[in-house]
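Residues in the sequence shown are numbered consecutively from 1, following full-length UniProt numbering.
Only one structure is covered here, and it is reproduced in the block below.
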Amino acid sequence: MPFPTSLHVLFLHAASVLGVWSADADFGLPLGTLLYGGFFSLAGFLCLFGAWHARYLPHRDARYGLIALLLTSALWAGAQLIFLLARTELVAYTAYTAGLVVGFSTVWAWLYFCSSYGGYTLHRHPVGIGLGAFVFSVVTLLKITNHQHGLYFSVESIPTPLAPFTISRHTVYWITTSVSYTLVLGGFLLLAARWAQVHGRTRALAGLFGLTLLPVIGNAVGFAVPALAGLYHEPLGVAAFALGVLFFARNAFVTVQEVGRRDEPTLVLGPNAALRAYNTSSTALFPNLGPEALGRPLTQIAPDVAEARAALRPIIDMQKNGSLQYYRITESRLHTGTDLVHLLTLSNITERERTFRAHEQLLHTITESVSDGLFQISFEDGLVYANRALASMLDYPSVEALHSLPATQLFASDGAHRLHEALHNDGTFTGELTCQRCNGTCFTGRVSATLVRNEQGAPAYINGVLVDLTIQKDREAELHAAMEKAEATARLKEYMLANMSHEIRTPLTAILGFSDMIRSETKGTNAEFAARIYQSGKRLERTLESVLTLSALQSGAHALRPTSVHLPTFLDELLGSFRAQAERNQITLQTASPPSNSDHRACIDPDGGRLIMRHLIDNAIKFTPAGGHVTAQAYRSGEQVHFVVKDDGIGIPPASQNLIFESFRQASEGQNRSHEGAGLGLAIVDACTALMGGSVTLKSTVGEGSRFAVQLPLADGSSASSKSTPGAAVSEDK
Numbered sequence: 001m002p003f004p005t006s007l008h009v010l011f012l013h014a015a016s017v018l019g020v021w022s023a024d025a026d027f028g029l030p031l032g033t034l035l036y037g038g039f040f041s042l043a044g045f046l047c048l049f050g051a052w053h054a055r056y057l058p059h060r061d062a063r064y065g066l067i068a069l070l071l072t073s074a075l076w077a078g079a080q081l082i083f084l085l086a087r088t089e090l091v092a093y094t095a096y097t098a099g100l101v102v103g104f105s106t107v108w109a110w111l112y113f114c115s116s117y118g119g120y121t122l123h124r125h126p127v128g129i130g131l132g133a134f135v136f137s138v139v140t141l142l143k144i145t146n147h148q149h150g151l152y153f154s155v156e157s158i159p160t161p162l163a164p165f166t167i168s169r170h171t172v173y174w175i176t177t178s179v180s181y182t183l184v185l186g187g188f189l190l191l192a193a194r195w196a197q198v199h200g201r202t203r204a205l206a207g208l209f210g211l212t213l214l215p216v217i218g219n220a221v222g223f224a225v226p227a228l229a230g231l232y233h234e235p236l237g238v239a240a241f242a243l244g245v246l247f248f249a250r251n252a253f254v255t256v257q258e259v260g261r262r263d264e265p266t267l268v269l270g271p272n273a274a275l276r277a278y279n280t281s282s283t284a285l286f287p288n289l290g291p292e293a294l295g296r297p298l299t300q301i302a303p304d305v306a307e308a309r310a311a312l313r314p315i316i317d318m319q320k321n322g323s324l325q326y327y328r329i330t331e332s333r334l335h336t337g338t339d340l341v342h343l344l345t346l347s348n349i350t351e352r353e354r355t356f357r358a359h360e361q362l363l364h365t366i367t368e369s370v371s372d373g374l375f376q377i378s379f380e381d382g383l384v385y386a387n388r389a390l391a392s393m394l395d396y397p398s399v400e401a402l403h404s405l406p407a408t409q410l411f412a413s414d415g416a417h418r419l420h421e422a423l424h425n426d427g428t429f430t431g432e433l434t435c436q437r438c439n440g441t442c443f444t445g446r447v448s449a450t451l452v453r454n455e456q457g458a459p460a461y462i463n464g465v466l467v468d469l470t471i472q473k474d475r476e477a478e479l480h481a482a483m484e485k486a487e488a489t490a491r492l493k494e495y496m497l498a499n500m501s502h503e504i505r506t507p508l509t510a511i512l513g514f515s516d517m518i519r520s521e522t523k524g525t526n527a528e529f530a531a532r533i534y535q536s537g538k539r540l541e542r543t544l545e546s547v548l549t550l551s552a553l554q555s556g557a558h559a560l561r562p563t564s565v566h567l568p569t570f571l572d573e574l575l576g577s578f579r580a581q582a583e584r585n586q587i588t589l590q591t592a593s594p595p596s597n598s599d600h601r602a603c604i605d606p607d608g609g610r611l612i613m614r615h616l617i618d619n620a621i622k623f624t625p626a627g628g629h630v631t632a633q634a635y636r637s638g639e640q641v642h643f644v645v646k647d648d649g650i651g652i653p654p655a656s657q658n659l660i661f662e663s664f665r666q667a668s669e670g671q672n673r674s675h676e677g678a679g680l681g682l683a684i685v686d687a688c689t690a691l692m693g694g695s696v697t698l699k700s701t702v703g704e705g706s707r708f709a710v711q712l713p714l715a716d717g718s719s720a721s722s723k724s725t726p727g728a729a730v731s732e733d734k
């Protein structure tokens, strides 16, 4: 049947441009060829047109996959068209080979699209990508080298109703075709798994996807009917699919993709919050969902969700399986192309919400149990949070009575202004403010506050802590009064000591002077009486000197003046002043050799060292019976100076060893004590040692004797002078 002349000329011109045959060739095109050529031309155009519109799809990977599917299908349709119009075996062979290569590319584009559209990651998995690249490379290499091995197909110049050539398919062809259909089927399985998760307008969409399977029937017929010349019909199915999903069912196409890839319960709402679609996860949460629920408003399907959505409340609680569950509502808008829908996704946050609420309850318990007042002041609404301690502190009957209270009613005078000014300048404030109670009375409180800004940087809240300083202020007043009283007592003590020094020293000097004169000028009983008076006066003088010395040490009036001292000479001079006393008591006074690695020279305060050693030696002689021994030792070891005094006297009971360093305390006390003395010697030793930064230790056994050891740190002139306390140096003469 002849074809109309105008169309005949048009196809001849197109074929001439493609170079498949000469434009002046004298033959007509069969009607079947023209019909198939028209179908493939239309399919290629629709695929290109669809690829252009697919760029508006929301998800990138699915968009890229669909565009690749449509572009490769368009190229495949072009290769099929050239094969139909070819009039030389070379052109037919080349076009058919190109169609096979592009067609196999379409298979991988289909897999990429199905994986990304379904929300899977197969298309991005390194193993999947590597395996796909390997299979594609091997199959493509077999196809483009078919002219060398002929294992794939062959072209024979046997005319058919559609083309002047016939395709003979060989073993490798059937193997690769089986692989291709298997991969395509895998893509459908990926899609089916997602479609099963979505309810609402999925049947029509599944039918459109099914259009891609219709060419399989055409291919099967082509394999059995040589007249079809081995053509592939997939581009026709892909074109029909693209036309359907991008222009007639685009809303469902986009919605199913978005909802199907979500594992959490998701509802799709159209205008007036009517249900458009939902996924399978939603049915477990809302048992009344079903086909009859489509088109009904959300208030009828899930009233709790509708109420929370209207109140802009992001978290709802629902009973599920007999327990309270918490869900976060996330709403997003989706442009499906011609429509705007809302996606409501409910995320189960039960564990996190329970943990949060437990922490919130714990924080509430802590804030309500602390004694300090906690508050939050909004710049718009006044006081928005307060704990019970603050309400009690301000004498309000309840926490609720404090709400919306402005800061000017919390802080009296200019306190609120000071607080706002400090927060505006520094962002924080710590200081004392006058606070105002409910009844109008005031008290002093320490306020620590921080300024909190909103997302725009504007001041939003003041978070703060208020501490009632009433008790502290009362204690400070008591301490101040006690300090003034102590200072007055100290001044009285100084006055008494000064007065004692003057009032006792003056007559005592006369007593000592006259008794000494009488003792030297008379004989007999009067001389004996005068000697007793003189001895008692000297004893009183020593007691007075000890009291004044101890007072000077305790008040810090002794100035440390470090000097380089030769310790052996220092010790010999001290012992020399006690020789006469030791001889009178029939006591052997001796020195002990220092350790072999010790030094003989040290920098110490000589007056302090002399004061310590005098009282230790005097104490040892006093409590050592006749025939006993007192041994003294002074040496330097490293950064320490050691003074040691040892005797074999009466010893000190363990119960008294801590008492003897206190003022006016002795091991033997009372009217019947065995030895005279005011009990100040060891107290002076302890005070002087502490002033010089040292320590004193005692080892004593009753009936065997005692050992006193003093350790003093070395001092240099510069550091010592900086530590000196103004005042006269204390010296005490025997």
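We put the CB at the ideal spot given by N, CA and C, even for glycine.
- Assigned with DSSP and collapsed to three states, residue 631 falls in strand.
- For residue 370, there is no enclosing beta strand (DSSP E), as DSSP marks it with neither H nor E.
- Between the alpha carbons of residue 167 and residue 184 lies a distance of about 24 Å.
- Considering only 701, 620, 81 and 116, the residue with the shortest C-alpha distance to residue 41 is 81.
- In the displayed model, residue 436 falls within a strand according to three-state DSSP.
- With a cutoff of 8 Å on beta-carbon distance, residue 373 and residue 393 are scored as near each other.
- The beta-bridge partner set that DSSP reports for residue 705 consists of 701.
- With a minimum length of 4 residues, the unbroken runs of alpha helix (DSSP H) contained wholly in the segment 277 to 360 fall at 280 to 285, 298 to 301 and 303 to 310.
- Taking all protein chains shown into account, residue 300 has fewer than 16 neighbouring C-beta atoms within 10 Å of its C-beta and is therefore exposed.
- Annotated as proximal: residue 681 and residue 618, with beta-carbon spacing under 8 Å.
- Nearest Cα to residue 95 within the set 191, 144 and 106: 144.
- Beta-bridge analysis with DSSP links residue 446 to 432 and 467.
- Cβ atoms of residue 57 and residue 66 come within 8 Å of each other, at about 7 Å.
- For residue 371, the CB contacts under 8 Å within the same chain, skipping 5 residues up- and downstream, are 389 in chain order.
- Taking C-beta atoms as the reference points, residue 157 and residue 89 count as a pair closer than 8 Å.
- Residue 601 is positioned such that its CB atom lies closer than 8 Å to that of residue 565.
- The C-alpha of residue 405 is placed about 14 Å away from the C-alpha of residue 395.
- Taking 3 residues as the shortest admissible run, the segment 154 to 183 contains the following complete beta strand (DSSP E) segments, listed from N- to C-terminal end: 166 to 169.
- Note that the segment 566 to 578 does not touch the segment 691 to 709; fewer than 3 beta-carbon pairs, one per stretch, sit closer than 8 Å.
- Contact annotation, residue 316 with residue 329: C-beta distance approximately 7 Å; criterion of less than 8 Å satisfied.
- Selection 437, 116 and 195 evaluated against residue 252 yields 195 as nearest (Cα-Cα).
- Setting aside the 5 residues that flank it on each side, residue 295 is surrounded in the same chain by 274, each with a C-beta closer than 6 Å to its C-beta; the list follows chain order.
- When 276, 186, 260 and 136 are compared, the shortest CA-CA separation from residue 197 is found for 260.
- Residue 625 carries a coil assignment under DSSP once its states are collapsed to helix, strand and coil.
- Residues 575, 578, 579, 582 and 630 of the same chain have their beta carbon placed closer than 7 Å to that of residue 589, with the five preceding and five following residues left out of the count.
- Between residue 76 and residue 234, the alpha-carbon positions lie close to 9 Å from each other.
- When C-beta atoms of the segment 621 to 637 are compared with those of the segment 647 to 662, three or more pairs fall below 8 Å, so the two segments count as touching.
- Assignment of residue 386 by DSSP, reduced to helix, strand and coil, places it in the strand class.
- Residue 658 is classed as exposed because its beta carbon has fewer than 16 other beta carbons within 10 Å across all chains shown.
- The beta carbon of residue 179 lies closer than 8 Å to those of 135 and 139 in the same chain, with the five residues before and after it left out.
- Around the C-beta of residue 338, fewer than 16 other C-beta atoms lie within 10 Å, and the residue is accordingly described as exposed.
- Here residue 396 carries a coil assignment [DSSP, helix/strand/coil].
- Under DSSP, residue 198 takes part in a beta bridge, and its partners are 279.
- When the Cα atoms are used, residue 687 and residue 571 turn out to be separated by approximately 21 Å.
- Considering only 278, 383 and 412, the residue with the shortest C-alpha distance to residue 401 is 383.
- Under the 8 Å Cβ criterion, the segment 433 to 450 counts as touching the segment 464 to 475, having at least three qualifying pairs.
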